[in-house]
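Those sequence lines, one after another, are chains A and B.
Sequence positions in the first sequence follow my numbering and run 1 to 384.
Sequence positions in the second sequence follow my numbering and run 1 to 432.
All residues carry an ideal CB built from backbone N, CA and C; glycine is no exception.
If you're wondering where the values come from, they're calculated on a predicted model, not measured in any experiment.
Scroll down for the structure; my scribbles are underneath it.
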Amino acid sequence: MKNLTVSASPHVVQKNKTTRGIMLDVLIALAPALVMAVLYFGYHVLLNAIVCMGSCFAFELLYTLILKKDFSKKAVKSSSCWDCSCLVTGLILALNLPRVITVKSWDFNVYRAMPNIEGVRAVDYVAFSGDTLILCVVASLVAIVLIKMLFGGIGKNFANPAATARVFLFLAFGLTWANTTGLGNVLPASTGATWLSGDKLTNADNLFVNLFIGNRGAAAAGETCMIALAVGYLYLSIRKVIDFRIPLIIVGSAAVFALLFDGLPNKLSGARLINNMAAHVMSGGLVFGSVFMATDYSTSPNTFWGNVLFGVGIALFTMLIRVFGGYPEGMSFAILIMNAAVPLIDKFIYPRPFGYFKKPKEKPLKTPDSPLPYNETEKGGIKA
Amino acid sequence: METFPHGIHPKGNKERSANAAVSEFSTPEIVAVPLSQHAGKAAIAAVSKGDYVKVGQKLGEADGAISAAVFSSVSGEVTAIEKRPTATGHCEHVIIKNDGKYDEEKLAPLKNPAPEQIVRRIADCGIVGMGGAGFPTAVKLAPRDKVDTLIINAAECEPYLTCDYRILKEYPREFLLGARYIAAALGLENFFVGLEANKADAAELLEKTASDNGISAKTVLCHTKYPQGAEKQLIYAVTKRKVRVGKLPSNVGVIVCNVHTALSVFYAVEEGEKSYKRIVTVSGGGVKTPANFWIRTGTPVSTVLDACGGIGDDAVKLLIGGPMMGFAQSNGDISVTKTTSGILLLTADEVNSEQSGPCINCASCVKACPMKLMPVYIDACILSGDVSGAEKYGAMNCIECGSCAFVCPARRPLVQSMRLAKKKIREKGGKR
Chain A
1 MKNLTVSASP
11 HVVQKNKTTR
21 GIMLDVLIAL
31 APALVMAVLY
41 FGYHVLLNAI
51 VCMGSCFAFE
61 LLYTLILKKD
71 FSKKAVKSSS
81 CWDCSCLVTG
91 LILALNLPRV
101 ITVKSWDFNV
111 YRAMPNIEGV
121 RAVDYVAFSG
131 DTLILCVVAS
141 LVAIVLIKML
151 FGGIGKNFAN
161 PAATARVFLF
171 LAFGLTWANT
181 TGLGNVLPAS
191 TGATWLSGDK
201 LTNADNLFVN
211 LFIGNRGAAA
221 AGETCMIALA
231 VGYLYLSIRK
241 VIDFRIPLII
251 VGSAAVFALL
261 FDGLPNKLSG
271 ARLINNMAAH
281 VMSGGLVFGS
291 VFMATDYSTS
301 PNTFWGNVLF
311 GVGIALFTML
321 IRVFGGYPEG
331 MSFAILIMNA
341 AVPLIDKFIY
351 PRPFGYFKKP
361 KEKPLKTPDS
371 PLPYNETEKG
381 GIKA
Chain B
1 METFPHGIHP
11 KGNKERSANA
21 AVSEFSTPEI
31 VAVPLSQHAG
41 KAAIAAVSKG
51 DYVKVGQKLG
61 EADGAISAAV
71 FSSVSGEVTA
81 IEKRPTATGH
91 CEHVIIKNDG
101 KYDEEKLAPL
111 KNPAPEQIVR
121 RIADCGIVGM
131 GGAGFPTAVK
141 LAPRDKVDTL
151 IINAAECEPY
161 LTCDYRILKE
171 YPREFLLGAR
181 YIAAALGLEN
191 FFVGLEANKA
201 DAAELLEKTA
211 SDNGISAKTV
221 LCHTKYPQGA
231 EKQLIYAVTK
241 RKVRVGKLPS
251 NVGVIVCNVH
261 TALSVFYAVE
271 EGEKSYKRIV
281 TVSGGGVKTP
291 ANFWIRTGTP
301 VSTVLDACGG
311 IGDDAVKLLI
321 GGPMMGFAQS
331 NGDISVTKTT
341 SGILLLTADE
351 VNSEQSGPCI
361 NCASCVKACP
371 MKLMPVYIDA
381 CILSGDVSGA
391 EKYGAMNCIE
401 CGSCAFVCPA
411 RRPLVQSMRL
421 AKKKIREKGG
431 KR
């Protein structure tokens with residue numbers, strides 16, 4: 001008689017849900033945002049995405065091979081890079097970058113022409129940006145090696161790799177979104193915080209529609225088109241990859257904070273107030289970050305209420321940075337700040353077992369009154 | 001419809017054997033009756049080699065308070081008493097050569113029994129909880145607290161298993177009368193029957209039978225969700241009472257009994273028949289003809305499988321019980337007992353054969369756990385040797401239902417971690 005497998009229960013599993021399947025779901029959900037980014041910002045975005053995903057994959061593979069000191073085919077096959085989480089990191093990173101980044105001292109950019117259009121600078125018409133591609137590789141190195149793998153790989157990293165890499169570029173290379181005008185450009189291409197509360201914005205025609213379809217400049221590539229992000233959000237919610245409530249909580253509380261910090265203090269009212277709130281919510285990386293980055297498994301709390309606290313914290317810090325801070329874009333900083341708070345949240349917010357009850361506090365038994373010290377009674381100072 | 005928070009939705013696969021009527025399984029030449037078919041201490045052998053035994057004759061005497069008597073399932077000569085493997089370990093087996101006559105030794109039927117008589121009869125017939133745990137029913141029916149509700153657990157939430165469903169369909173009168181005897185033993189007039197929604201037809205039949213026979217039974221349909229049949233979860237679904245951590249269900253005035261237990265009680269009281277056979281579901285992708293059998297205890301599992309087409313080449317796992325909480329066996333050389341609800345032969349497509357990967361912190365297990373624990377942290381804590389951390393996240397409350405490991409996308413063996421954590425906490429002297 002042949003020997004059968006013996007193992008502990010349970011013997012059946014949910015076959016259609018695997019780590020790789022979840023990562024592929026996220027990639028599919030990011031696809032509409034990528035397509036719209038390519039439509040709005042041109043082929044540069046696609047190039048960035050390919051370079052980011054490729055280098056993220058290569059770095060993870062190399063990291064595992066070097067640490068194992070084994071370069072055989074078997075080691076390549078068993079490397080953790082095949083779970084595709086590195087591709088998700090790469091794509092989110094690429095969609096978080098502007099379409100071109102220029103570093104003055106390097107300048108590997110090929111100029112096509114110097115168009116004589118008023119207000120539009122030459123870099124808007126870069127044919128091929130070598131600087132951007134180099135920075136993509138550097139950012140992937142930071143994201144995968146420094147943030148993800150050094151802390152223990154998938155599920156162990158404390159900070160979101162893509163957000164950290166973006167902030168790294170921001171601080172180290174002066175990454176800005178100022179010179180990344182899209183093809184259709186209705187909003188003045190200046191840095192965010194100043195125009196969010198200004199008059200220019202609230203007077204713009206069709207603000208809602210343009211913000212919604214992503215027809216605006218001055219942005220990271222993937223974050224503009226609300227429709228594409230909504231499609232991705234719906235897909236992830238239906239596939240139960242993310243909890244559908246969390247992005248809604250972040251966006252909702254961000255709208256409230258925008259009202260409190262920006263709309264009301266600036267004495268806006270009526271349509272301008274609504275426009276201001278809409279601009280805060282739909283511009284910048286808020287929606288993209290709340291759908292794809294704040295719901296990252298390893299850097300968010302493990303309970304629903306922990307996630308609510310996490311989401312409200314992200315919205316609060318985003319709005320604080322946008323309205324009172326010096327940076328135009330607060331989302332990635334807010335995510336990183338709240339990432340650091342996750343262990344604290346998880347320490348205090350965890351579910352009580354089914355049927356848990358608080359033990360009634362036992363009152364300490366009243367100790368019998370201690371007899372007064374002999375000498376005091378003798379003196380007659382204190383009498384019972 | 002009633003239910004409990006969290007839980008999972010595994011594929012039922014009950015259609016394979018749901019419509020197979022229960023048939024008598026022809027008992028083989030040699031049977032090996034284990035003396036430990038229940039929770040608690042194993043029975044002490046009451047026969048010796050060479051004795052002639054009848055059907056229903058006592059083979060093993062209950063040892064202590066939490067134990068149950070074991071009875072012969074065939075008539076014939078005892079050829080040996082030896083240690084053999086069971087589904088979960090080893091125990092003494094009484095090996096009997098079946099003479100095929102089935103001379104039966106029965107007790108006198110009881111007419112209008114008093115509660116104490118019923119409990120006495122249940123103990124005399126060696127009836128144990130036949131859902132799988134095998135807790136002696138007579139002990140259960142003598143609770144310390146006042147009980148005001150009896151729930152008959154007909155949820156049968158384990159995939160594949162259909163033995164309880166067949167009882168509801170084929171023996172509704174016997175089952176309901178048996179349940180009424182249990183209720184009477186507790187001094188109750190009426191009782192609840194908790195079913196999953198996929199057994200709605202059985203619920204209708206039960207209601208009809210109950211009204212025909214004047215039995216005040218209330219059927220409660222619950223969501224088809226695993227583990228709906230877990231004791232605390234079913235109590236919550238039916239009565240909305242929460243059994244407190246570390247307490248027995250009788251603490252909230254509830255007793256839960258399995259369907260098959262109720263059926264056995266009926267036969268014990270009305271016919272004086274002892275508990276020596278049960279209905280077993282034989283199913284799974286590796287079984288050619290899925291079936292439900294009345295099988296006498298001590299029948300080797302391999303004989304049962306041979307009758308259903310044998311162990312094919314595509315079979316990779318043999319399970320005693322359901323696929324969520326059952327025990328995998330390396331071969332069929334073990335005996336059917338009072339608690340064997342199913343014999344499953346599963347193929348590679350059905351079982352999990354993947355290697356476990358690193359935890360991705362997705363918290364699926366947290367959303368699935370019906371006891372509201374944090375398997376993700378208990379796993380991490382116990383693997384890094386942090387016993388008090390595992391205790392903090394409630395490892396001692398785990399019911400080992402397997403929901404967490406079922407949903408885990410990284411295929412982590414979370415239930416094993418839970419068992420390890422429980423063992424370590426007990427060693428440390430910790431409590432719930």
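Reducing DSSP to helix, strand and coil, say where T219(B) ends up.
-> Strand at T219(B).
Check whether the Cβ atoms of G194(B) and N153(B) sit closer than 8 Å, and answer yes or no.
-> N153(B) sits close to G194(B), with the two beta carbons spaced by under 8 Å.
Could you check which residue in T299(B), F135(B), C365(B) has the C-alpha nearest to that of V407(B)?
-> Out of T299(B), F135(B), C365(B), C365(B) has the C-alpha closest to the C-alpha of V407(B).
Which listed residue (D99(B), E231(B), A114(B)) has its alpha carbon closest to that of I151(B) = Comparing Cα positions, the closest option is E231(B).
Check C84(A) in the structure and name its three-state DSSP category.
-> Under the three-state reduction of DSSP output, C84(A) falls in the coil class, being neither helix nor strand.
Under 8 Å, do V336(B) and G253(B) count as touching if we go by C-beta distance?
-> Against a cut-off of 8 Å, the Cβ pair of G253(B) and V336(B) comes out as no contact.
Proximity below 8 Å, CB of G131(B) to CB of F266(B) | Against a cut-off of 8 Å, the Cβ pair of F266(B) and G131(B) comes out as no contact.
Taking a cut of 7 Å between CB atoms, which residues from the segment 409-424 of chain B lie near chain A?
-> P409, A410, R411, P413, V415, Q416: these are the residues of the segment 409-424 of chain B whose beta carbon lies less than 7 Å from some beta carbon of chain A, given in chain order.
Excluding sequence positions up to five away, which residues of its chain have a Cβ less than 7 Å from the Cβ of A18(B)?
-> If we look at A18(B) and ignore the five residues flanking it on each side, its Cβ neighbours are T162, Y165.
Leaving aside the five residues before and after A42(B) along the sequence, list all residues of the same chain whose C-beta is less than 6 Å from its C-beta, in chain order.
-> Close CB contacts of A42(B) within its chain, under the 6 Å cut and outside five residues either way in sequence, are with L35, S36, C91 (chain order).
Reducing DSSP to helix, strand and coil, say where I122(B) ends up.
-> Three-state result, I122(B): helix.
CB-CB under 6 Å to K199(B), same chain, minus the five flanking residues each way: which ones, in chain order?
-> Sequence-distant partners of K199(B) (beyond 5 residues in either direction) whose C-beta falls short of 6 Å from its own C-beta, in its chain, are Y165.
Contact with chain A by V304(B), beta-carbon distance below 8 Å | No, because no Cβ of chain A sits closer than 8 Å to the Cβ of V304(B).
Name the residue from T261(B), E61(B), G298(B) whose alpha carbon lies nearest to the alpha carbon of V74(B).
-> When each option's Cα is compared against that of V74(B), the closest is G298(B).
Take K367(B) and list the residues in its own chain whose beta-carbon comes closer than 7 Å to its own, dropping the five residues that flank it on each side.
-> Here K367(B) has H6 as same chain residues with Cβ atoms under 7 Å from its own Cβ, once five neighbours each way along the sequence are excluded.
When we look at the beta-carbon of G152(A) and count the other beta-carbons within 10 Å, is it buried (16 or more) or exposed?
-> Burial call: exposed.
If you drop the 5 nearest sequence neighbours on each side, which residues of the same chain put their C-beta closer than 6 Å to that of F108(A)?
-> So the qualifying residues of the chain are G130, D131.
8 Å Cβ cutoff met for K440(B) and F310(A) = The displayed coordinates of chain B run from 1 to 432. Any statement about residue 440(B) would go beyond what the structure contains.
So what does DSSP say about G21(A), is it helix, strand or coil?
-> The answer is helix: DSSP assigns G21(A) an H, G or I state.
Span separating the alpha-carbon of G321(B) from that of G284(B) = Between G321(B) and G284(B), the C-alpha separation is close to 12 Å.
Can you name, in chain order, every residue of its own chain whose Cβ lies under 7 Å from the Cβ of G198(A), other than the five neighbours on each side?
-> Unreliable placement is indicated for G198(A), whose pLDDT of 41 sits below 50; the coordinate value is still reported in the next sentence. Cβ neighbours of G198(A) beyond the five flanking positions: none.
Residue closest to N157(A), alpha-carbon to alpha-carbon, out of G232(A), V342(A), F357(A) = Nearest C-alpha to N157(A): V342(A).
Thinking V415(B) and A8(A) are a contact (beta carbons under 8 Å), I'd like their distance in whole angstroms, please.
-> So it is a contact: roughly 6 Å between Cβ atoms.
Euclidean distance between Cα positions of A45(B) and D51(B) = Approximately 12 Å, taken between the alpha carbons.
Going by alpha carbons, who is nearest to V269(B) out of I279(B), N13(B), I127(B)?
-> The candidate whose alpha carbon is nearest that of V269(B) is I127(B).
Spell out whether any CB of chain B is found under 8 Å from the CB atom of H280(A).
-> No, no contact with chain B.
Can you list the residues of chain A that E350(B) reaches, using a CB-CB cut of under 7 Å?
-> In chain order, V12 make up the part of chain A whose C-beta sits under 7 Å from the C-beta of E350(B).
What is the residue span of the beta strand (DSSP E) that K58(B) lies within?
-> Element bounds for K58(B): 58-61.
Sub-8 Å separation of V386(A) and A328(B) beta-carbons | Within the shown structure, residues of chain A are numbered from 1 to 384, placing residue 386(A) beyond reach of any answer.
Residue range of the alpha helix (DSSP H) that G312(B) falls in?
-> Where G312(B) is concerned, there is no enclosing alpha helix (DSSP H), given that its DSSP letter is neither H nor E.
May I have a chain-ordered list of the beta strand (DSSP E) segments no shorter than 3 residues that lie completely inside the segment 173-214 of chain B?
-> Runs of the beta strand (DSSP E) inside the segment 173-214 of chain B: 191-196.
In its own chain, which residues sit with a C-beta less than 8 Å from the C-beta of I349(A), not counting the 5 before and 5 after it?
-> So the list reads P301, T303, W305, G306, L309, once near-sequence residues are dropped.
Among R20(A), D25(A), F244(A), F41(A), which has the Cα closest to the Cα of G214(A)?
-> Per the C-alpha coordinates, the member of R20(A), D25(A), F244(A), F41(A) positioned closest to G214(A) is F41(A).
Would you mind giving the Cβ-Cβ distance between A254(A) and N276(A), rounded to the nearest angstrom? I have them listed as a contact below 8 Å.
-> With a Cβ gap of about 12 Å, A254(A) and N276(A) do not count as contacting.
For G389(B), does the three-state DSSP call read helix, strand or coil?
-> Looking at G389(B) - three-state DSSP - the assignment turns out to be helix.
Taking R244(B) as the query, report the chain A residues whose CB atoms sit under 7 Å from its CB, ordered along the chain.
-> Going along chain A in sequence order, the residues near R244(B) (Cβ under 7 Å) are G355, F357.
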